[in-house]
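What follows is a single structure, written as structure tokens, with notes after it.
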């Protein structure tokens, strides 16, 4: 008698038997999205972080206290080619956002989906609020798309078993490390997903360890810089958590905002993706991506991180959902139900791009951090020029002798970026700020004896501890303004620093960003330079 033994092995490379890529449809969608997002990119004024990136770009370095160099580099290029242009600053973010649309379709293609399904995945990302949010220049703009590319490369490896793809993924991760420092977590979560769900064969491939080594090497200059500056990034986690809690986006608000970023279609497809990854055998080899998303989401919720941190996995989940929807044996009403859902999604998307920001006379009072989030989304951050004009008016109260040894110091890095960006029409001295990454750009020269300080109108007690003479010389306080920009803002003339500037700067520098709207004992860290 012959015994037949069934041995289960991990699947080999998936045969290359699927429809062609939807080049025309995806290309047209990407082109239209690029045009629409570029045309509407300037509807909001600069956000505070964008102003900081412009300032960082004027001080290019191999890394910074809270980010890599890539975003600052693109801000610098835009600043050189088109000074003062909001659209130029945001154009790299637009291109990265549109790139994620293409990646969603490419992932669906790797799943052997039809061209119609590829377009569904691309359409879902193209009409998500995530895409709109991604179009402001930020580390998130680049990180989300680069994470999506890494997930696509891993998914493509499952189909082809071409080890070079994993090495390329390591190179993309190393590039992302020069943008945002979340990528080691992404890499670890992908590894956990593979360990739990397979294909575990990848763990035995030298290519994976070569790719991991490439990523590790990219950390070396960053870790060196951090070690020389008392590890400011380690303290930022606690501060970000405090800010998230203050804005209502802590753990209780995480998933509502998360689903809001996914949009109507995205939420439905992610729900379908979860079901399909469990039930459909064709998607079994790709469950590791969902596990990676869940692991990263759990980490972000536990640490009170930003809800958008895990969204680099959204293109893959949209693709899984599109494939699951196409393969699921459904009734006619389910197909028909997708039509109004798609219509509502498009109307919401177009409305977001054309209706927002709302008219300024519809503004509501910004009383707390939650109001600030609403204000930023519906009206943007405006009236930077009013604050800068107040700084100039304060500077003009100085005598010529005082001006010869003066500097501008802004309490917050947003304010410092605004003074640099909009102060060109005034004859202002150099701008400094002890706030977050701006503080690491350095203090004023030791010859500086007079400072024009702009900040919250509650800053005077701190100023008197640093200077022998403090006089208030201006203010901006629009009841409907934004605290720190054109509300609760004061300008002081400060003379006689009580210590040498390097020593004084160490006592002033803080990672806590005070807009007068949140106060938390966890967020008062002062690094030592």
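Numbering (the UniProt record's numbering), first residue to last: 1 to 529.
Glycine included, each C-beta is placed from N, C-alpha and C at the ideal position.
The stretch 228–238 makes contact with the stretch 55–75; the number of CB pairs closer than 8 Å reaches 3 or more. Between residue 59 and the set 273, 438, 156 and 305, the nearest pair of CA atoms involves 438.
Here residue 20 carries a coil assignment [DSSP, helix/strand/coil]. Residue pairing by DSSP puts residue 474 in a beta bridge opposite 491.
Taken in chain order, the unbroken stretches of alpha helix (DSSP H) that lie wholly in the stretch 389–430 and span 4 residues or more are 400–403 and 413–422. Taking C-beta atoms as the reference points, residue 450 and residue 48 fail to come closer than 8 Å. Here DSSP, grouped into helix, strand and coil, assigns residue 308 to coil. Counted as a single uninterrupted DSSP element, the beta strand (DSSP E) harbouring residue 450 occupies residues 450–456. Rounded to the nearest whole angstrom, the C-alpha separation of residue 504 and residue 403 is 20 Å. For residue 415, the number of other beta carbons within 10 angstroms of its own is at least 16, and it is reported as buried.
Secondary structure note for residue 179: it is in no alpha helix (DSSP H), with a DSSP letter that is neither H nor E. Apart from sequence neighbours up to five positions away, the residues of its chain that approach residue 378 with a beta-carbon distance below 7 Å are 356, 357 and 358, ordered along the chain. Minimum Cα-Cα distance from residue 212 among the listed residues 502, 169, 246 and 197 corresponds to 169.
Nearest neighbour of residue 131 by Cα position, chosen from 220, 37, 146 and 198, turns out to be 37. Distance between residue 305 and residue 219, taken at the CA atoms: about 21 Å.
DSSP, reduced to helix, strand and coil, places residue 55 within a helical segment of the structure shown. By the neighbour-count criterion, in which a residue is buried when 16 or more other Cβ atoms sit within 10 angstroms of its Cβ, residue 500 is exposed.
Looking at the DSSP output, residue 434 bridges to nothing. Within the DSSP secondary-structure output, residue 510 pairs in a beta bridge with 435.
For residue 267, the enclosing alpha helix (DSSP H) begins and ends at 251–279. Secondary structure at residue 469: strand, using DSSP grouped into helix, strand and coil. Going by C-alpha positions, residue 292 is about 35 Å away from residue 87.
Within the DSSP secondary-structure output, residue 483 pairs in a beta bridge with 487. For residue 371, the enclosing alpha helix (DSSP H) begins and ends at 369–378. Pairing residue 115 with residue 316, the inter-Cα distance amounts to about 16 Å.
As the crow flies, the alpha-carbon of residue 279 is around 9 Å from that of residue 324. Closest in C-alpha terms to residue 514, from the list 436, 191, 264 and 75, comes 436. Less than 8 Å separates the beta-carbon of residue 177 from that of residue 222. The residues 166 and 202, in chain order, have a CB closer than 7 Å to that of residue 208 in the same chain once the five nearest residues on each side in sequence are set aside. Assignment of residue 285 by DSSP, reduced to helix, strand and coil, places it in the helix class.
Taking each of 154, 224, 242 and 272 in turn and checking the Cα distance to residue 205, the smallest one comes out for 154. Judged by DSSP secondary structure, residue 116 falls within the alpha helix (DSSP H) whose first and last residues are 115–126. Within the model, the alpha-carbon separation for residue 257 versus residue 307 is close to 7 Å. Excluding residues up to 5 positions away in sequence, 265 lie with their Cβ nearer than 7 Å to the Cβ of residue 342 in the same chain. Taking a cut-off of 8 Å for Cβ pairs, the stretch 457–476 and the stretch 421–430 do not touch, as fewer than three such pairs fall below it. Pairing residue 108 with residue 117 gives a Cβ-Cβ distance under 8 Å.
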